[in-house]
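*Asks:* FYI, the numbering for the sequence shown is -18 to -1, 1 to 313, going by mature numbering (1 follows the signal peptide of the UniProt record, and there is no 0).
Backbone N, C-alpha and C fix where the C-beta goes; we use that ideal spot for every residue, glycine too.
Encoded as structure tokens, here's the structure I'll be asking about.
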Amino acid sequence: MRRALIASALLAGMTACAPLRRGATYDEQIWLPASHNWTFRAAYPSVDRLFNAFDYGHARVYDRLARRAPAADIERADYDWITTRLLRHPPSVPLDEAAIGPAYVRLAPELRAAFEWAHMLHRQLYDVCADARLTPAQRDAAAAAVLRYYRSRPDLALSTVPKRMGLMESGPHALGFRRAHPRYNGLLWSYHWLQMTLYDALLAGGSRAERDANVRAVTARFFAMLDDAPRTTPADMPMAAAIAPAFAARYPEAAIVFDNLHALHDVVADILAAPGVPDAERRRLLLGALTAYRDDVTQATTVAEWRDMAEMMDLARMGGAARDAFGARRP
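So this is what it looks like as structure tokens:
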């Protein structure tokens, strides 16, 4: 069953258009053309494949929640299959979320588009950080160009202004997903931990050998987190400034986008997990959350307060900093 689902997702991923809103389509955005493109995939193919599995894990649980699947099924069968099978043998190409999670995508295709656009930013920044041919100045210029390209789609791009934690934790259905699905919630936060700590792993490596060792270390730490979830997975949402401080200091706007992305993922899961909410109300809440994380005013805070918030939180409960996995070499 799941093999067939992945196969259909691979086929669907070859399409040129995808639904953005009911009755409409949008042209898929291509990556910003650049010499650094695909550098990370070439250097770290096994980790690159994990990102495909992460996208599957998000879309799968959203679809299960959209269909109101029992919490026990998600916590046991789905979690076990993803952690023992999918993450151990991840797909080699990105999968189409419309094939993995058709019910979720039909409910809020705008969310799917925004998530895919942010994931493209993630991957292009991995390439920038992994390309040893770039000088520090060239790397900074390339990162700025990638972020400008991301922000060129204001209909999809999340804000570069940090948001208060209350936006994620004070809504009408806040915290519902993590309470009903603690193992799967820990799994998603483990995804986010690895996605961010990889940046510091790459930036801290002064040589290819050091970068390789750092990437291996944070990847091994990620898999160790899954050994006894939820005890061993993050108990608080990993924040970029805490777990990837070098990346957050060097590219704060990108780090803020990713914190907003990860918080939005939480809000979406909470809304979909809320019992008894009609689909029309779900859609209204989902689009409201997307708008709040795209604009620059809703529950906005300063960069200094964003950093302070990360420092005040318990680092260990977020999974620990990247440097805890590979050492404290400076970028």
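Using a Cβ-Cβ cut-off of 6 Å (strictly less than) and excluding sequence neighbours within five positions of residue 47, which residues of its own chain qualify?
*Replies:* As a first step, residue 47 must be located in the sequence shown, where it is residue number 65. For residue 47, where only same-chain residues beyond five positions count, the Cβ hits under 6 Å are 254 and 255.
*Asks:* From which residue to which residue does the alpha helix (DSSP H) around residue 110 run?
*Replies:* The residue you call residue 110 lines up with position 128 of the sequence shown. Run containing residue 110: 91 to 112, per the alpha helix (DSSP H) assignment.
*Asks:* Any heavy atom of the ligand FAD within a distance shorter than 7 Å of the CB on residue 151?
*Replies:* Ligands are entirely absent from the displayed structure, and the ligand FAD is therefore not among its contents.
*Asks:* Let me make sure I understand the geometry here. Which of 260, 106, 238 and 36 has the alpha-carbon closest to that of residue 286?
*Replies:* The count along the sequence shown starts at 1 and reaches residue 286 at position 304. The candidate whose alpha carbon is nearest that of residue 286 is 238.
*Asks:* Would you tell me roughly how many angstroms separate the C-alpha atoms of residue 187 and residue 194, rounded to the nearest one?
*Replies:* Your numbering for residue 187 matches position 205 in the sequence shown. Your numbering for residue 194 matches position 212 in the sequence shown. Each residue's Cα considered, the two are about 8 Å apart.
*Asks:* Sort 248, 55, 190 and 29 by Cα distance to residue 177 and report the nearest one.
*Replies:* Translated into the one-based positions of the sequence shown, residue 177 becomes position 195. Of 248, 55, 190 and 29, the residue nearest in Cα terms is 29.
*Asks:* Tell me, please, which residues DSSP counts as bridged to residue 282.
*Replies:* Indexing the sequence shown from 1 puts residue 282 at position 300. The partner list for residue 282 (beta bridge, DSSP) reads 145.
*Asks:* Could you tell me the distance, in whole angstroms, from the CA atom of residue 301 to the CA atom of residue 202?
*Replies:* Numbered from its first residue, the sequence shown carries residue 301 at position 319. Numbered from its first residue, the sequence shown carries residue 202 at position 220. Spanning the two alpha carbons is a distance of roughly 13 Å.
*Asks:* Less than 6 Å between C-beta atoms, sequence neighbours within five positions excluded: which residues of the same chain meet that for residue 83?
*Replies:* Numbered from 1 along the sequence shown, position 101 holds the residue referred to as residue 83. Only 41, 44 and 45 meet the Cβ criterion.
*Asks:* Since residue 276 and residue 90 should fall inside the 8 Å C-beta cutoff, what is the C-beta to C-beta distance between them, to a whole number of angstroms?
*Replies:* Translated into the one-based positions of the sequence shown, residue 276 becomes position 294. Translated into the one-based positions of the sequence shown, residue 90 becomes position 108. So it is not a contact: roughly 14 Å between Cβ atoms.
*Asks:* Alpha carbon to alpha carbon, what distance is there between residue 292 and residue 149?
*Replies:* Within the sequence shown, numbered from 1, the residue matching residue 149 stands at position 167. Within the sequence shown, numbered from 1, the residue matching residue 292 stands at position 310. Each residue's Cα considered, the two are about 15 Å apart.
*Asks:* With a threshold of 7 Å on Cβ separation, who are the neighbours of residue 211 within its own chain once the five nearest residues in sequence on each side are excluded?
*Replies:* Position 229 of the sequence shown, counted from the start, is the residue given in the question as residue 211. So the qualifying residues of the chain are 165, 168 and 169.
*Asks:* Can you give me the C-alpha to C-alpha distance between residue 35 and residue 284, rounded to a whole angstrom?
*Replies:* Looking up residue 35 in the sequence shown gives position 53. Looking up residue 284 in the sequence shown gives position 302. If I take the Cα positions, the gap works out to 34 Å.
*Asks:* What residues in its chain sit with their C-beta under 7 Å from that of residue 5, if we drop five residues either side in the sequence?
*Replies:* Here the question's residue 5 lines up with position 23 in the sequence shown. Legend: pLDDT at residue 5 = 40, less than 50; position of this residue unreliable, value from coordinates given subsequently. Same-chain partners within the cutoff: there are none.
*Asks:* Near residue 299, what residues of its chain come up, given a Cβ to Cβ distance below 8 Å and the 5 sequence neighbours on each side ignored?
*Replies:* Sequence index remark: in the sequence shown, residue 299 carries index 317 (1-based). Once the five neighbours on either side are set aside, the close Cβ partners of residue 299 are 216, 217 and 218.
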